[in-house]
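Take a look at the structure below.
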Amino acid sequence: PQGQPAVVRCILDSLAAAYARTLGDAVRLSGQPVDVLHLVGGGARNALLCQLTADACGVPVLAGPVESTALGNIAVQARAHGALSGDLEALRAKLGGGHDVRRYRPEG
Numbered sequence: 001p002q003g004q005p006a007v008v009r010c011i012l013d014s015l016a017a018a019y020a021r022t023l024g025d026a027v028r029l030s031g032q033p034v035d036v037l038h039l040v041g042g043g044a045r046n047a048l049l050c051q052l053t054a055d056a057c058g059v060p061v062l063a064g065p066v067e068s069t070a071l072g073n074i075a076v077q078a079r080a081h082g083a084l085s086g087d088l089e090a091l092r093a094k095l096g097g098g099h100d101v102r103r104y105r106p107e108g
């Protein structure tokens with residue numbers, strides 16, 4: 001690729017293709033289908049990456065929250081100190097409200 005836009009697009013296409021390969025491997029190894037892919041962290045801010053990932057993986061992508069690493073750490077620490085309890089879904093419900101999550105559907 002020539003020029004910065006073409007290089008960036010190549011990187012994003014490569015990331016989406018790598019996600020699709022990894023998702024395919026996970027499905028084959030687990031024998032379990034995947035209905036939705038969660039994309040978190042800084043990459044969740046990039047709408048083009050999220051859409052390319054949905055297209056490459058063939059499943060909807062839920063993008064966000066960007067602060068997922070910090071939220072996960074808070075949940076683990078709070079649970080260890082007895083301030084939060086419950087399984088993973090309960091912790092997500094307690095911490096997940098109010099965080100921006102966008103949905104991208106596969107196109108084409």
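Numbering (the working numbering), first residue to last: 1 to 108. Idealized CB from N, CA, C, for every residue including glycine. In this text, all values refer to a predicted model and were calculated from it rather than measured experimentally.
{"query": "What's the gap between the Cα of V7 and the Cα of L23?", "result": "24 Å"}
{"query": "Exposed or buried, which one is G82 when buried takes at least 16 other CB atoms within 10 Å?", "result": "exposed"}
{"query": "For the candidate residues R45, T53, Q4, whose alpha-carbon lies nearest to that of D13?", "result": "T53"}
{"query": "Could you give the C-beta distance for V40 and S68, rounded to a whole number, given that I count them as a contact under 8 Å?", "result": "4 Å"}
{"query": "Output the distance between the C-alpha atoms of S85 and L95, rounded to the nearest integer angstrom.", "result": "12 Å"}
{"query": "Quick one, are the C-beta atoms of L91 and A80 less than 8 Å apart?", "result": "no"}
{"query": "Do you know whose CA, among D35, L29, L48, lies nearest P5's CA?", "result": "L48"}
{"query": "How is the beta strand (DSSP E) around A47 delimited, first residue to last?", "result": "That residue, A47, is in no beta strand (DSSP E); its alpha helix (DSSP H) goes 47-57."}
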